[in-house]
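Visitor: For the sequence shown, position 19 matches number 94 in the working numbering, and the numbering has no gaps at all. C-beta: ideal position from N, C-alpha, C; glycine also. These numbers come from a predicted model, not from an experiment.
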Amino acid sequence: MHVLVTGGAGFIGSHVVDALLAAGHTAVVVDNLDPAAHRSRPEYLHDRVEHRFVDVGDRETWVELLPRVDAVCHQAGKVGLGVDFADITAYVASNDTGTAVALWAMHHVGFRGRLVLASSMVVYGEGRYQCSVHGDVRPGPRTEVDLEQGRYEPPCPQCRRDLAPVPVGEDAPLDPRNVYAATKLHQEHLCASWAREHDTTVVALRYHNVYGPRMPRDTPYAGVASIFRSAIAGGRAPEVFEDGGQTRDFVHVRDVARANLAALTVDLPPGFHAYNVASGTPRSVGDLARALADAAGPQAPRPEIVGGYRLGDVRHVFASPEKARVELGFSADVGFDDGMRELARANLR
Ligand code: UD1
Numbered sequence: 076m077h078v079l080v081t082g083g084a085g086f087i088g089s090h091v092v093d094a095l096l097a098a099g100h101t102a103v104v105v106d107n108l109d110p111a112a113h114r115s116r117p118e119y120l121h122d123r124v125e126h127r128f129v130d131v132g133d134r135e136t137w138v139e140l141l142p143r144v145d146a147v148c149h150q151a152g153k154v155g156l157g158v159d160f161a162d163i164t165a166y167v168a169s170n171d172t173g174t175a176v177a178l179w180a181m182h183h184v185g186f187r188g189r190l191v192l193a194s195s196m197v198v199y200g201e202g203r204y205q206c207s208v209h210g211d212v213r214p215g216p217r218t219e220v221d222l223e224q225g226r227y228e229p230p231c232p233q234c235r236r237d238l239a240p241v242p243v244g245e246d247a248p249l250d251p252r253n254v255y256a257a258t259k260l261h262q263e264h265l266c267a268s269w270a271r272e273h274d275t276t277v278v279a280l281r282y283h284n285v286y287g288p289r290m291p292r293d294t295p296y297a298g299v300a301s302i303f304r305s306a307i308a309g310g311r312a313p314e315v316f317e318d319g320g321q322t323r324d325f326v327h328v329r330d331v332a333r334a335n336l337a338a339l340t341v342d343l344p345p346g347f348h349a350y351n352v353a354s355g356t357p358r359s360v361g362d363l364a365r366a367l368a369d370a371a372g373p374q375a376p377r378p379e380i381v382g383g384y385r386l387g388d389v390r391h392v393f394a395s396p397e398k399a400r401v402e403l404g405f406s407a408d409v410g411f412d413d414g415m416r417e418l419a420r421a422n423l424r
């Protein structure tokens with residue numbers, strides 16, 4: 076199979092390209108080498124892969140390449156929370172308009188191959204919670220007053236009792252809580268429309284917190300694993316916000332690449348399919364900081380719980396990986412401790 080991988084020079088996309096080649100497939104990469112993620116041309120790009128260093132919104136490139144490929148794996152996009160709200164136009168241009176151009180071109184050239192979309196668990200907003208009295212409940216955004224006073228756990232919206240977080244399934248209500256999350260959900264909806272109108276197959280992979288080699292280093296667009304790893308490498312203590320008890324599912328990038336391979340190749344009927352891509356074992360942000368510091372050795376600075384919060388952060392979100400296991404045959408392989416030991420030694424980009 077010949078696959079067009081957008082963002083194929085980036086953190087996740089480059090591992091997807093590696094996985095494709097290892098499985099005997101070929102790839103063509105479209106990537107604009109965004110300076111927010113790349114300080115220079117990455118050294119790991121394969122000579123035998125064709126690279127087009129253009130923006131994903133470049134219509135001519137799409138129209139030229141689509142007739143030559145069997146499938147598209149759309150990884151390009153702007154990730155993270157960004158600097159501030161002023162980033163909104165950059166997120167919409169890259170994520171929404173970039174995807175719209177891709178879909179326009181697919182329609183224009185009559186492309187009927189499979190489309191795999193890099194989506195995110197951020198489409199769920201706050202994860203799933205149970206109240207001992209009211210059952211399944213959906214807490215709203217945490218208030219600044221609660222956060223200021225160190226009440227980090229979202230309370231039951233009906234009785235304000237403490238809640239138990241439980242894994243989110245793909246049927247959980249979608250509730251994006253920041254600009255980036257809104258663009259991810261919009262990408263899903265645009266791709267689903269293309270699938271409906273053309274009787275094609277779209278697979279949205281809702282990544283949980285991806286980490287591993289080639290992670291971009293500390294930038295306003297980086298996830299917490301990269302921020303902590305960069306801090307330790309720079310001799311600074313990882314700063315853990317809130318009380319460190321917030322939970323996520325940290326999934327290794329090579330597992331994420333395998334999930335993409337499965338999403339590109341497994342038999343699926345036409346239509347829109349969404350899957351959590353997760354390890355299935357939630358960890359707290361405090362655990363993450365300690366694991367990275369431990370893996371870096373006895374001289375490494377220890378994490379500091381600094382309190383504070385970022386408005387827009389959710390408290391707990393972790394996944395049920397069951398649907399991906401049953402329908403894609405995908406389960407994560409890399410354990411948290413092994414993965415963190417590797418990340419502590421790996422070069423960041
Ligand atoms: C992250 C990514 C998002 C991606 C999603 C799923 C970022 C900014 N977010 O969302 O793009 O779609 O995973 O892969 O890349 N924290 C600290 N100290 C810090 C930084 C963060 O304690 O220095 C805490 C935050 O308060 C938060 C948690 O770590 O509770 C996770 O933060 P982060 O990785 O930035 O964002 P996610 O919401 O998990």
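Name the two residues that bound the continuous beta strand (DSSP E) containing Ser195.
Guide: Walking along the sequence shown from the start, residue 195 turns up at place 120. Unbroken beta strand (DSSP E) run through Ser195: Arg189 to Ser195.
Visitor: Should Ser169 be listed as close to the ligand UD1, given that the test is whether its C-beta is under 8 Å from any heavy atom?
Guide: By one-based count along the sequence shown, residue 169 stands at place 94. No; taking the cut-off as 8 Å, the Cβ of Ser169 has no heavy atom of the ligand UD1 nearer than that.
Visitor: Any heavy atom of the ligand UD1 closer than 8 Å to the Cβ of Phe86?
Guide: Reading the sequence shown from its first residue, position 11 is the one you call residue 86. Every heavy atom of the ligand UD1 is 8 Å or more from the Cβ of Phe86, so no.
Visitor: Would you check if there are 3 or more beta carbon pairs closer than 8 Å linking the stretch 321 to 336 to the stretch 279 to 299?
Guide: Output reads yes: the stretch 279 to 299 touches the stretch 321 to 336.
Visitor: Out of Arg189, Leu156 and Ala168, point me to the one whose CA is closest to His273's CA.
Guide: As a first step, residue 273 must be located in the sequence shown, where it is residue number 198. Comparing Cα-Cα distances from His273 to each of Arg189, Leu156 and Ala168, the minimum goes to Arg189.
Visitor: For the candidate residues Met290, Met181, His391 and Ser395, whose alpha-carbon lies nearest to that of Glu228?
Guide: Start at 1 with the first residue of the sequence shown, and residue 228 comes out as number 153. Minimum Cα distance to Glu228 is reached at His391.
Visitor: DSSP beta-bridge partners for His391?
Guide: The residue you call residue 391 lines up with position 316 of the sequence shown. Paired residues: Thr322.
Visitor: With 16 as the cutoff for other CB atoms within 10 Å, does Val158 come out buried or exposed?
Guide: Within the sequence shown, numbered from 1, the residue matching residue 158 stands at position 83. It is exposed - the Cβ of Val158 has fewer than 16 other Cβ atoms within 10 Å.
Visitor: If you measure from the CB of His121, is any heavy atom of the ligand UD1 nearer than 8 Å?
Guide: Position 46 of the sequence shown holds residue 121. No.
Visitor: State the beta-bridge partners of Asn351 as determined by DSSP.
Guide: For the purposes of this step, residue 351 is identified with residue 276 of the sequence shown, where counting begins at 1. Looking at the DSSP assignment, Asn351 forms a beta bridge with Arg281.
Visitor: Is the beta carbon of Leu343 less than 9 Å from the beta carbon of Ala98?
Guide: Stepping through the sequence shown from its first residue, residue 343 is reached at position 268. Stepping through the sequence shown from its first residue, residue 98 is reached at position 23. No, Cβ-Cβ distance for Leu343 and Ala98 is not below 9 Å.
Visitor: Consider the C-beta atom of Phe303 and the heavy atoms of the ligand UD1; say whether any pair is separated by less than 8 Å.
Guide: Taking the sequence shown and counting its residues from 1, one reaches residue 303 at position 228. True, at least one ligand heavy atom lies under 8 Å from that Cβ.
Visitor: Cutting at 7 Å between CB atoms, please list the residues of its own chain near Phe303, excluding the five before and the five after it.
Guide: Counted from its first residue, the sequence shown places residue 303 at position 228. Cβ neighbours of Phe303 beyond the five flanking positions: Pro313, Leu363, Ala364 and Leu367.
Visitor: Any contact between the stretch 197 to 211 and the stretch 232 to 243? By contact I mean 3 or more CB pairs, one from each, below 8 Å.
Guide: The stretch 197 to 211 is in contact with the stretch 232 to 243.
Visitor: Nearest-angstrom Cα distance between Glu245 and Ala371?
Guide: Position 170 of the sequence shown, counted from the first residue, corresponds to residue 245. Position 296 of the sequence shown, counted from the first residue, corresponds to residue 371. Distance between the alpha carbons of Glu245 and Ala371: 36 Å.
Visitor: Is it buried or exposed for Thr81, if we count other Cβ within 10 angstroms and need 16 for buried?
Guide: For the purposes of this step, residue 81 is taken as the residue at position 6 of the sequence shown. The residue is buried, with at least 16 neighbouring Cβ atoms inside 10 Å.
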